[in-house]
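To start, the structure itself, in structure tokens.
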Amino acid sequence: MNLDPISEARLQSVMPQLAAKIRQMAEILALDPKPIKLVVSSGFRSWPEQDLLYAEGRTLPGRIITNAKGGESWHCYGTAVDCEPEIKDGSIDWNGEHWQWKRMEEVAVSLGLTSGANWLRLIDAPHIQWTGKFPIDKPDDEARQIYTNQGMEAFWQEIGGTIG
Numbered sequence: 419m420n421l422d423p424i425s426e427a428r429l430q431s432v433m434p435q436l437a438a439k440i441r442q443m444a445e446i447l448a449l450d451p452k453p454i455k456l457v458v459s460s461g462f463r464s465w466p467e468q469d470l471l472y473a474e475g476r477t478l479p480g481r482i483i484t485n486a487k488g489g490e491s492w493h494c495y496g497t498a499v500d501c502e503p504e505i506k507d508g509s510i511d512w513n514g515e516h517w518q519w520k521r522m523e524e525v526a527v528s529l530g531l532t533s534g535a536n537w538l539r540l541i542d543a544p545h546i547q548w549t550g551k552f553p554i555d556k557p558d559d560e561a562r563q564i565y566t567n568q569g570m571e572a573f574w575q576e577i578g579g580t581i582g
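The opening residue of the sequence shown carries number 419 in the working numbering; numbering runs sequentially from there.
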């Protein structure tokens, strides 16, 4: 196992196919000539949890870390996770330009996932997602309606296709 128990627990709340790809990503990174330990810092978020993150830097202290309100983030649908490369002392080097981040993003994209590091408005290097037939940027009305009316499992089935 290449992920720590906390990361594994966070993967339990997301779409199984996404969780499998994140585990595959962790395995690839662990086997690199310069191994990288992957940490999953966030998985599923409820709409109220996402609203609290959105408030940071706006109505709450802190800096702006997301442009997505509750229901506008793929985390709220279990189809996104935040991952970071852990450095030797167990901490995270938050420099998104560091080679470890670039390698993590490269592997994610090679596995058919979308990396928030490639976004233009608000670069979100830790963000990795799979949205299938739905738009990459944020859930559309169809996605929200399926999720709201039929639930998360039905939504995951509706995404369709395979990752990578």
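We put the beta carbon where it would ideally sit given N, CA and C, even for glycine.
Asked	Found
Express the C-alpha separation of VAL458 and ALA526 in angstroms, rounding to a whole number.	13 Å
What is the rounded straight-line gap between the Cα of TRP574 and the Cα of TRP517?	33 Å
Give me the Cα-Cα distance between TYR495 and GLY489, rounded to the nearest whole angstrom.	8 Å
Among LEU456, ALA448, LEU447, ILE446, which one has its Cα closest to the Cα of LEU429?	LEU456
Hey, out of TRP519, ASP542, GLU467, whose CA is closest to SER447's CA?	Contrary to the premise, residue 447 reads as Leu rather than Ser in this sequence. Cα-wise, what sits closest to LEU447 is TRP519.
Just to confirm the assignment, what range does the alpha helix (DSSP H) spanning ILE577 have?	570-577
Can you say whether LYS452 is buried or exposed, counting buried as having 16 or more other CB atoms within 10 angstroms of its CB?	exposed
Which value, in whole angstroms, describes the spacing of the CA atoms of GLY475 and SER528?	33 Å
Find out if the Cβ-Cβ distance for the pair THR549, THR566 is shorter than 8 Å.	no
Extract the residue ranges of the beta strand (DSSP E) inside the stretch 436-504, only unbroken runs of 3 or more that lie entirely within it.	455-460, 498-504
How would you call SER425, buried or exposed, if buried means at least 16 neighbouring beta carbons within 10 angstroms?	buried
Taking 8 Å as the threshold, find out whether the stretch 428-443 comes into contact with the stretch 493-512 through three or more Cβ pairs.	yes
Per DSSP, what kind of secondary structure is ILE564 in: helix, strand or coil?	helix
Do you know how far the Cα of GLY578 is from the Cα of GLN568?	15 Å
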